[in-house]
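Heads up: the sequence shown is residues 1 to 272, going by our numbering. For each residue, glycine too, the CB sits at the ideal point set by N, CA and C.
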Amino acid sequence: MDKIKFGAEVYTWFMKESGKAYENKLGHMIDVVSKSGFKGIEPIHFWMGDLTDPIKLSDTLQEHNIDLAGIALVLDWNNSKETDEEKLQADQIISNLKHFPNAVLCTVQMPTGRHDLVERRLNLVNNLNSVSKRAFDAGIKVSFHPNSPPTSTNRTEEDYNVILNGLDSAVTGWTPDVGHIANGDMNILDKMNEFSSLINHVHYKDWDGNPEWKLMGEGKVDFKEITKWLVNQDYSGWILCEDEADEAINDPDGVTLHDGKYCEENLIPIIS
1 MDKIKFGAEV YTWFMKESGK AYENKLGHMI DVVSKSGFKG IEPIHFWMGD
51 LTDPIKLSDT LQEHNIDLAG IALVLDWNNS KETDEEKLQA DQIISNLKHF
101 PNAVLCTVQM PTGRHDLVER RLNLVNNLNS VSKRAFDAGI KVSFHPNSPP
151 TSTNRTEEDY NVILNGLDSA VTGWTPDVGH IANGDMNILD KMNEFSSLIN
201 HVHYKDWDGN PEWKLMGEGK VDFKEITKWL VNQDYSGWIL CEDEADEAIN
251 DPDGVTLHDG KYCEENLIPI IS
(Lines of atoms letter the chains of each structure in order from A and count residues from 1; the text may use other names and numbers.)
(Lines give C-alpha, C1' and ligand atoms only; values in the text may rest on other atoms or scores of the structure.)
Protein backbone atom coordinates (compact mmCIF):
# COMPACT_ATOMS: atom_id res chain seq x y z
CA MET A 1 0.00 0.00 0.00
CA ASP A 2 1.23 3.49 -0.85
CA LYS A 3 2.00 5.54 2.25
CA ILE A 4 -0.16 8.41 1.02
CA LYS A 5 -3.22 7.86 -1.16
CA PHE A 6 -5.55 10.43 -2.71
CA GLY A 7 -9.32 10.10 -2.69
CA ALA A 8 -12.52 12.14 -2.72
CA GLU A 9 -15.24 13.03 -0.22
CA VAL A 10 -18.85 12.89 -1.41
CA TYR A 11 -19.88 16.31 -0.04
CA THR A 12 -19.05 17.68 -3.49
CA TRP A 13 -22.26 15.94 -4.70
CA PHE A 14 -24.24 16.75 -1.55
CA MET A 15 -24.16 20.49 -2.21
CA LYS A 16 -27.04 20.49 -4.72
CA GLU A 17 -30.43 20.54 -3.00
CA SER A 18 -28.84 19.40 0.28
CA GLY A 19 -28.28 15.94 -1.09
CA LYS A 20 -31.60 15.38 -2.85
CA ALA A 21 -30.16 15.68 -6.36
CA TYR A 22 -27.86 12.67 -5.84
CA GLU A 23 -29.89 10.69 -3.31
CA ASN A 24 -29.02 6.96 -3.43
CA LYS A 25 -26.39 7.55 -6.14
CA LEU A 26 -23.27 6.56 -4.20
CA GLY A 27 -22.56 3.98 -6.90
CA HIS A 28 -22.38 6.79 -9.47
CA MET A 29 -20.01 8.75 -7.23
CA ILE A 30 -17.75 5.71 -6.85
CA ASP A 31 -17.66 5.39 -10.64
CA VAL A 32 -16.69 9.06 -11.11
CA VAL A 33 -14.07 8.86 -8.36
CA SER A 34 -12.54 5.87 -10.14
CA LYS A 35 -12.53 7.67 -13.50
CA SER A 36 -10.85 10.65 -11.82
CA GLY A 37 -7.83 8.55 -10.89
CA PHE A 38 -8.51 8.62 -7.17
CA LYS A 39 -7.95 5.53 -5.02
CA GLY A 40 -10.68 5.95 -2.42
CA ILE A 41 -13.96 7.57 -1.41
CA GLU A 42 -15.48 8.83 1.84
CA PRO A 43 -19.30 8.81 1.99
CA ILE A 44 -21.52 10.55 4.58
CA HIS A 45 -23.15 8.09 6.97
CA PHE A 46 -26.77 9.18 6.50
CA TRP A 47 -26.48 9.52 2.70
CA MET A 48 -25.34 6.11 1.51
CA GLY A 49 -28.68 4.78 0.24
CA ASP A 50 -28.70 1.10 -0.70
CA LEU A 51 -24.94 0.97 -0.19
CA THR A 52 -25.43 1.35 3.56
CA ASP A 53 -25.38 -2.45 3.29
CA PRO A 54 -21.66 -3.23 3.71
CA ILE A 55 -21.81 -6.22 1.36
CA LYS A 56 -23.33 -4.15 -1.46
CA LEU A 57 -20.86 -1.37 -0.75
CA SER A 58 -17.91 -3.75 -0.84
CA ASP A 59 -19.05 -5.27 -4.14
CA THR A 60 -19.48 -1.83 -5.76
CA LEU A 61 -16.10 -0.63 -4.53
CA GLN A 62 -14.35 -3.76 -5.80
CA GLU A 63 -16.05 -3.41 -9.19
CA HIS A 64 -14.42 0.02 -9.60
CA ASN A 65 -11.13 -0.80 -7.83
CA ILE A 66 -11.81 1.86 -5.20
CA ASP A 67 -11.13 1.60 -1.46
CA LEU A 68 -13.39 2.87 1.29
CA ALA A 69 -11.20 5.62 2.72
CA GLY A 70 -13.64 6.30 5.52
CA ILE A 71 -17.19 7.18 6.47
CA ALA A 72 -18.07 10.65 7.75
CA LEU A 73 -20.25 10.28 10.84
CA VAL A 74 -22.13 13.59 11.09
CA LEU A 75 -24.18 14.12 14.26
CA ASP A 76 -25.27 17.02 16.52
CA TRP A 77 -23.51 15.96 19.75
CA ASN A 78 -24.88 18.98 21.64
CA ASN A 79 -25.68 17.24 24.92
CA SER A 80 -23.38 16.20 27.75
CA LYS A 81 -23.53 12.63 26.46
CA GLU A 82 -24.80 10.93 23.30
CA THR A 83 -28.54 10.72 22.82
CA ASP A 84 -29.99 7.26 22.25
CA GLU A 85 -30.45 8.06 18.55
CA GLU A 86 -26.90 9.37 18.18
CA LYS A 87 -25.50 6.27 19.84
CA LEU A 88 -27.64 4.03 17.62
CA GLN A 89 -26.39 5.72 14.44
CA ALA A 90 -22.77 5.72 15.58
CA ASP A 91 -22.85 2.05 16.54
CA GLN A 92 -24.39 1.10 13.19
CA ILE A 93 -21.54 2.78 11.32
CA ILE A 94 -18.95 1.24 13.65
CA SER A 95 -20.50 -2.15 12.88
CA ASN A 96 -20.37 -1.47 9.14
CA LEU A 97 -16.75 -0.34 9.31
CA LYS A 98 -15.71 -3.68 10.77
CA HIS A 99 -16.08 -4.95 7.18
CA PHE A 100 -13.48 -2.36 6.04
CA PRO A 101 -10.49 -2.61 8.40
CA ASN A 102 -8.47 0.09 6.61
CA ALA A 103 -11.24 2.71 6.59
CA VAL A 104 -11.44 5.67 8.98
CA LEU A 105 -14.39 6.75 11.11
CA CYS A 106 -14.34 10.49 10.41
CA THR A 107 -16.35 12.26 13.12
CA VAL A 108 -18.00 15.59 12.21
CA GLN A 109 -20.33 17.77 14.26
CA MET A 110 -23.38 19.12 12.44
CA PRO A 111 -23.15 22.91 12.88
CA THR A 112 -26.19 24.23 14.78
CA GLY A 113 -24.97 27.52 16.30
CA ARG A 114 -22.42 29.08 18.65
CA HIS A 115 -24.82 29.60 21.57
CA ASP A 116 -23.72 28.20 24.97
CA LEU A 117 -20.32 27.79 23.31
CA VAL A 118 -18.18 26.95 26.35
CA GLU A 119 -20.52 24.19 27.49
CA ARG A 120 -21.19 22.81 24.02
CA ARG A 121 -17.51 22.58 23.08
CA LEU A 122 -16.93 20.46 26.18
CA ASN A 123 -20.02 18.39 25.36
CA LEU A 124 -18.61 17.79 21.88
CA VAL A 125 -15.30 16.59 23.34
CA ASN A 126 -17.12 14.18 25.66
CA ASN A 127 -19.21 12.79 22.82
CA LEU A 128 -16.24 12.45 20.47
CA ASN A 129 -14.20 10.60 23.08
CA SER A 130 -17.08 8.23 23.85
CA VAL A 131 -17.74 7.36 20.21
CA SER A 132 -14.03 7.10 19.44
CA LYS A 133 -13.40 4.72 22.35
CA ARG A 134 -16.08 2.30 21.11
CA ALA A 135 -14.75 2.46 17.55
CA PHE A 136 -11.14 2.07 18.69
CA ASP A 137 -12.11 -0.97 20.76
CA ALA A 138 -13.66 -2.41 17.58
CA GLY A 139 -10.34 -1.99 15.76
CA ILE A 140 -11.30 1.13 13.78
CA LYS A 141 -9.13 4.21 13.23
CA VAL A 142 -10.96 7.40 14.25
CA SER A 143 -10.35 11.02 13.27
CA PHE A 144 -12.18 14.23 14.23
CA HIS A 145 -12.88 16.66 11.38
CA PRO A 146 -13.58 20.29 12.39
CA ASN A 147 -15.55 22.58 10.07
CA SER A 148 -16.01 26.33 9.72
CA PRO A 149 -19.55 27.58 8.99
CA PRO A 150 -20.53 30.58 11.16
CA THR A 151 -22.73 28.18 13.17
CA SER A 152 -19.87 25.76 13.98
CA THR A 153 -18.52 25.29 17.52
CA ASN A 154 -15.17 24.21 16.05
CA ARG A 155 -14.09 26.94 13.63
CA THR A 156 -11.71 29.34 15.42
CA GLU A 157 -8.25 29.05 16.95
CA GLU A 158 -9.76 29.12 20.44
CA ASP A 159 -12.17 26.35 19.44
CA TYR A 160 -9.28 24.24 18.15
CA ASN A 161 -7.28 24.77 21.34
CA VAL A 162 -10.16 23.65 23.55
CA ILE A 163 -11.37 20.74 21.44
CA LEU A 164 -8.17 19.26 20.02
CA ASN A 165 -6.45 19.46 23.41
CA GLY A 166 -9.47 17.72 24.92
CA LEU A 167 -9.46 14.74 22.56
CA ASP A 168 -8.37 11.39 23.95
CA SER A 169 -5.38 10.89 21.69
CA ALA A 170 -5.25 7.20 22.61
CA VAL A 171 -8.47 6.60 20.64
CA THR A 172 -8.84 9.42 18.10
CA GLY A 173 -6.75 11.62 15.85
CA TRP A 174 -7.51 14.81 13.95
CA THR A 175 -8.37 15.48 10.31
CA PRO A 176 -6.97 18.86 9.31
CA ASP A 177 -9.26 20.19 6.59
CA VAL A 178 -6.94 22.79 5.14
CA GLY A 179 -9.71 24.96 3.71
CA HIS A 180 -11.62 25.05 6.99
CA ILE A 181 -8.43 26.00 8.86
CA ALA A 182 -7.92 28.96 6.51
CA ASN A 183 -11.59 29.88 6.71
CA GLY A 184 -11.26 30.00 10.50
CA ASP A 185 -8.55 32.67 10.10
CA MET A 186 -5.66 30.37 11.02
CA ASN A 187 -2.38 29.61 9.29
CA ILE A 188 -2.67 26.10 7.89
CA LEU A 189 0.86 24.81 8.46
CA ASP A 190 1.20 26.53 11.84
CA LYS A 191 -1.88 24.68 13.04
CA MET A 192 -0.79 21.38 11.49
CA ASN A 193 2.62 21.74 13.15
CA GLU A 194 1.03 22.52 16.51
CA PHE A 195 -1.14 19.40 16.49
CA SER A 196 1.00 17.22 14.22
CA SER A 197 0.91 14.26 16.60
CA LEU A 198 -2.87 14.00 16.14
CA ILE A 199 -2.95 13.99 12.32
CA ASN A 200 -4.17 10.65 10.95
CA HIS A 201 -6.45 11.71 8.06
CA VAL A 202 -6.41 14.82 5.81
CA HIS A 203 -8.96 16.77 3.76
CA TYR A 204 -8.08 19.21 0.97
CA LYS A 205 -10.28 22.03 -0.30
CA ASP A 206 -9.31 25.37 -1.79
CA TRP A 207 -10.24 28.77 -0.38
CA ASP A 208 -9.75 32.43 -1.19
CA GLY A 209 -11.91 34.21 1.39
CA ASN A 210 -14.22 35.78 -1.23
CA PRO A 211 -16.24 34.69 0.61
CA GLU A 212 -15.01 31.11 0.97
CA TRP A 213 -14.30 28.27 -1.45
CA LYS A 214 -12.58 28.00 -4.84
CA LEU A 215 -11.99 25.19 -7.31
CA MET A 216 -8.90 23.22 -6.34
CA GLY A 217 -5.80 25.04 -7.55
CA GLU A 218 -7.57 28.36 -8.10
CA GLY A 219 -7.54 29.68 -4.53
CA LYS A 220 -4.94 30.62 -1.95
CA VAL A 221 -4.20 27.20 -0.42
CA ASP A 222 -0.69 25.98 -1.24
CA PHE A 223 -1.38 22.27 -1.69
CA LYS A 224 2.15 21.55 -2.90
CA GLU A 225 3.70 23.02 0.23
CA ILE A 226 1.26 21.16 2.50
CA THR A 227 1.84 17.87 0.67
CA LYS A 228 5.62 18.29 0.97
CA TRP A 229 5.15 18.94 4.69
CA LEU A 230 3.12 15.74 5.07
CA VAL A 231 5.80 13.75 3.25
CA ASN A 232 8.49 15.25 5.49
CA GLN A 233 6.38 14.35 8.53
CA ASP A 234 6.33 10.75 7.29
CA TYR A 235 2.53 10.93 7.14
CA SER A 236 0.82 7.70 6.17
CA GLY A 237 -2.86 7.74 5.24
CA TRP A 238 -5.47 9.40 3.07
CA ILE A 239 -5.64 12.86 1.54
CA LEU A 240 -9.24 13.38 0.46
CA CYS A 241 -10.41 16.17 -1.83
CA GLU A 242 -13.66 17.69 -0.57
CA ASP A 243 -14.24 20.43 -3.12
CA GLU A 244 -16.95 22.92 -2.13
CA ALA A 245 -16.45 25.40 -4.99
CA ASP A 246 -19.64 26.86 -6.48
CA GLU A 247 -18.97 24.87 -9.67
CA ALA A 248 -19.65 21.68 -7.71
CA ILE A 249 -23.32 22.56 -7.23
CA ASN A 250 -24.18 21.96 -10.89
CA ASP A 251 -21.22 19.85 -12.00
CA PRO A 252 -19.86 17.69 -9.16
CA ASP A 253 -18.67 15.07 -11.66
CA GLY A 254 -16.65 17.64 -13.59
CA VAL A 255 -15.19 19.14 -10.42
CA THR A 256 -14.11 15.69 -9.20
CA LEU A 257 -12.48 14.93 -12.56
CA HIS A 258 -10.72 18.32 -12.37
CA ASP A 259 -9.46 17.60 -8.86
CA GLY A 260 -8.19 14.17 -9.87
CA LYS A 261 -6.24 15.71 -12.75
CA TYR A 262 -4.89 18.46 -10.48
CA CYS A 263 -3.62 15.88 -7.98
CA GLU A 264 -2.14 13.72 -10.73
CA GLU A 265 -0.24 16.63 -12.26
CA ASN A 266 0.76 18.56 -9.13
CA LEU A 267 0.69 16.39 -6.02
CA ILE A 268 1.26 12.75 -6.97
CA PRO A 269 4.84 13.57 -8.08
CA ILE A 270 5.55 14.90 -4.58
CA ILE A 271 4.55 11.65 -2.85
CA SER A 272 6.10 9.33 -5.45
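Check, Outcome
"If you drop the 5 nearest sequence neighbours on each side, which residues of the same chain put their C-beta closer than 6 Å to that of Met1?", "Note that Met1 scores a pLDDT of 49, beneath 50, so its modelled location is shaky and nothing firm can be said."
"For His64, which three-state DSSP category applies?", "coil"
"Does DSSP put Trp282 in a helix, in a strand, or in coil?", "In the structure as shown, the chain begins at 1 and stops at 272. Residue 282 is therefore absent and cannot be evaluated."
"Extract the residue ranges of the alpha helix (DSSP H) inside the segment 9-75, only unbroken runs of 4 or more that lie entirely within it.", "11-14, 26-35 and 54-63"
"Assign Tyr235 to one of three DSSP states: helix, strand, or coil.", "coil"
"State the DSSP-derived secondary structure class of His145, mapped to helix, strand or coil.", "coil"
"Rounded to whole angstroms, what's the CA-CA distance from Thr276 to Ser148? Just pull it up for me.", "Nothing about residue 276 can be reported from this structure: the residues present for the chain run from 1 to 272 only."
"Looking at C-alpha atoms only, which residue of Ile199, Phe195, Ile163 and Tyr160 is the closest neighbour of Ser236?", "Ile199"
"What residue range does the beta strand (DSSP E) around Lys256 cover?", "Residue identity check: residue 256 is Thr in the sequence provided, not Lys. Not the beta strand (DSSP E): Thr256 falls in the alpha helix (DSSP H), residues Pro252 to Tyr262."
"Keeping to the same chain, check which residues put their C-beta closer than 8 Å to that of Leu189; ignore five residues upstream and five downstream.", "Glu225, Ile226 and Trp229"
"Does DSSP put Asp137 in a helix, in a strand, or in coil?", "helix"
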